[in-house]
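Each remark here refers to the structure printed beneath this line.
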Amino acid sequence: MRLLLIIILSVICGGGELLAQPVIKFDTLEYDFGEVRELGGIVQYRFVYQNTGDKPLIINTVHTSCGCTSPAWSKEPVLPSKSGYIDVSFDPRDRPGAFTKSIIVDCNASEKNITLYITGNVMPRPEPLSSSYPYEMMDLRLKATTVNFGKVIAGQSASKEIEVINPSKANIVISPSTQNMPPCMQITVKPSILKPGEKGVIKCVLNTAKLDEYDMVQFDAPILINESANYDLHVKTIVYEQFADKDKKNAPIMTLDGESFTDFGEIPAGEVRICRINYKNTGSNPLKIRAIRNACDCISVRIDTPEVAPGESGSITVVFNSEGRTGKQERYLTIITNSAVSQQVVYKVKGNVVK
Numbered sequence: 081m082r083l084l085l086i087i088i089l090s091v092i093c094g095g096g097e098l099l100a101q102p103v104i105k106f107d108t109l110e111y112d113f114g115e116v117r118e119l120g121g122i123v124q125y126r127f128v129y130q131n132t133g134d135k136p137l138i139i140n141t142v143h144t145s146c147g148c149t150s151p152a153w154s155k156e157p158v159l160p161s162k163s164g165y166i167d168v169s170f171d172p173r174d175r176p177g178a179f180t181k182s183i184i185v186d187c188n189a190s191e192k193n194i195t196l197y198i199t200g201n202v203m204p205r206p207e208p209l210s211s212s213y214p215y216e217m218m219d220l221r222l223k224a225t226t227v228n229f230g231k232v233i234a235g236q237s238a239s240k241e242i243e244v245i246n247p248s249k250a251n252i253v254i255s256p257s258t259q260n261m262p263p264c265m266q267i268t269v270k271p272s273i274l275k276p277g278e279k280g281v282i283k284c285v286l287n288t289a290k291l292d293e294y295d296m297v298q299f300d301a302p303i304l305i306n307e308s309a310n311y312d313l314h315v316k317t318i319v320y321e322q323f324a325d326k327d328k329k330n331a332p333i334m335t336l337d338g339e340s341f342t343d344f345g346e347i348p349a350g351e352v353r354i355c356r357i358n359y360k361n362t363g364s365n366p367l368k369i370r371a372i373r374n375a376c377d378c379i380s381v382r383i384d385t386p387e388v389a390p391g392e393s394g395s396i397t398v399v400f401n402s403e404g405r406t407g408k409q410e411r412y413l414t415i416i417t418n419s420a421v422s423q424q425v426v427y428k429v430k431g432n433v434v435k
């Protein structure tokens, strides 16, 4: 009997040990710097997190979406109930306008990859008129030809304005083109006729309810100058779904089959490698793949099954082209879904390109 009791206690203790794990919880996942002066120097924000689990938490690495964004983090293991940090620095020099940057945190917690965001608007340096309005459409000068709406909740609208000026000696007529204008975009110009020396604005309104795309979206919106010359405004936005706690109850869940990475090993330079990300919907509603974020042109993806019923499986085909690459390669794919539980799933592709 005593031996049996010892065995039972050993199993219980061992099981508790297996269940023990670190859990990372951030105070916030997004920070808005607001207005940042272009020549005001680097700005920084500290994302603070706590280890709410019962094992030491280790930050393996932190990746950013832009060279203008630099991370620094707690290198020592963070004990249970203790806190750590991720310092994110943003250099606004030569980056006027609105910005949204992502930071992917790779750790040993139950949720291995967490995406943080910094946003803001860089106020440009004071410059002469020709530099303040650096873009030209015939005689019209514009402060920008790119309209960056930043992050917009799916189904909602957002608006941005582009300032323009007429430096010529004749009137300039500006109007939205009726041809090839995306249904989600509405453009108005005030005033529509710019007199010599007069300033105006091109107002762009994005209605995401008429946009069947998610995550990072880009398209062109055409305008007419003097009713004849066609020019394009380049539109950028990040469309995302906002979930409430109640949405988690019956949410679809994307569960990967196996590891969250593929290692191609050694790849002869110039050769192509293909892998398949297999997953299952372990939730209660249909799972939809909204988008796949990929920062490298060496990677192409194909969503084999855009929608997966509960209990069913799907796949994503990933193609890595090693042409023009040498040495160790690590690329991250962020899979965006309609799940309140697994809205973003990060998958890593790596290998070593050899000559």
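For the sequence shown, the numbering used here begins at 81 and goes up steadily by one. We treat Cβ as the ideally placed atom computed from N, Cα and C, and that holds for glycine. Computed from a predicted model, the values in this text were never measured in an experiment.
Measuring CA to CA, which of the options is closest to residue i?
i	options	result
residue 215	320, 208, 225	225
residue 195	267, 219, 142, 243	142
residue 186	153, 179, 163	153
residue 304	292, 267, 198	267
residue 433	367, 310, 346	346
residue 118	163, 159, 203	203
residue 179	282, 307, 401, 318	318
residue 276	170, 249, 294	249
residue 336	111, 270, 279, 428	428
residue 280	111, 375, 326, 245	245
residue 288	233, 312, 257	233
residue 160	139, 170, 101	101
residue 306	256, 172, 332	256
residue 177	375, 320, 114	114
residue 242	235, 284, 205, 278	284
residue 149	163, 298, 175, 136	175
residue 461	270, 324, 293	With the chain represented from 81 up to 435, any question about residue 461 goes unanswered, as that position is not in the structure.
Look at residue i and residue j and say whether their C-beta atoms are less than 8 Å apart.
i	j	result
residue 201	residue 116	yes
residue 394	residue 406	no
residue 355	residue 398	yes
residue 247	residue 222	no
residue 425	residue 412	no
residue 133	residue 103	yes
residue 254	residue 291	no
residue 231	residue 199	yes
residue 182	residue 165	no
residue 379	residue 400	yes
residue 358	residue 391	no
residue 274	residue 310	no
residue 416	residue 295	yes
residue 168	residue 151	yes
residue 138	residue 171	no
residue 330	residue 365	yes
residue 105	residue 130	yes
residue 286	residue 237	yes
Using 10 angstroms around the beta-carbon of residue i, count the other beta-carbons present and answer buried if the total reaches 16, otherwise exposed.
i	result
residue 370	buried
residue 265	buried
residue 211	exposed
residue 217	buried
residue 348	exposed
residue 301	buried
residue 420	buried
residue 418	buried
residue 422	buried
residue 189	buried
residue 108	exposed
residue 145	buried
residue 155	exposed
residue 158	buried
residue 363	buried
residue 74	With the chain covering only 81 through 435, there is no way to say anything about residue 74.
residue 260	exposed
residue 402	buried
residue 352	exposed
residue 332	buried
residue 431	buried
residue 516	For the chain, the structure presents residues 81 to 435; residue 516 sits outside this window and is missing.
residue 342	buried
residue 435	exposed
Give the range of the alpha helix (DSSP H) segment to which residue i is assigned.
i	result
residue 209	209-212
Please list the terminal residues of the continuous beta strand (DSSP E) segment that includes residue i.
i	result
residue 106	104-106
residue 408	407-417
residue 295	295-305
residue 423	That residue, residue 423, is in no beta strand (DSSP E); it is neither H nor E in DSSP.
residue 188	Unbroken run through residue 188: none, as it is neither H nor E.
residue 403	That residue, residue 403, is in no beta strand (DSSP E); it is neither H nor E in DSSP.
residue 114	110-117
residue 124	123-131
Comparing the C-beta of residue i with each C-beta of chain C, is any distance below 8 Å?
i	result
residue 284	Looking at the structure shown, chain C is missing, and only one protein chain is on hand.
Inside the region 198-280 only - beta strand (DSSP E) runs reaching at least 3 residues: Qualifying beta strand (DSSP E) stretches, in chain order: 215-217, 220-222, 226-233, 237-245, 252-256, 265-270.
Pick out the complete beta strand (DSSP E) segments inside the region 317-394, 3 residues or longer, and give them in chain order. Runs found: 334-336, 341-348, 352-361, 367-374, 379-383.
What residue ranges within the region 139-179 form continuous beta strand (DSSP E) runs of no fewer than 3 residues, ordered along the chain? DSSP runs (the beta strand (DSSP E)) wholly in the region 139-179: 139-144, 149-153, 163-170.
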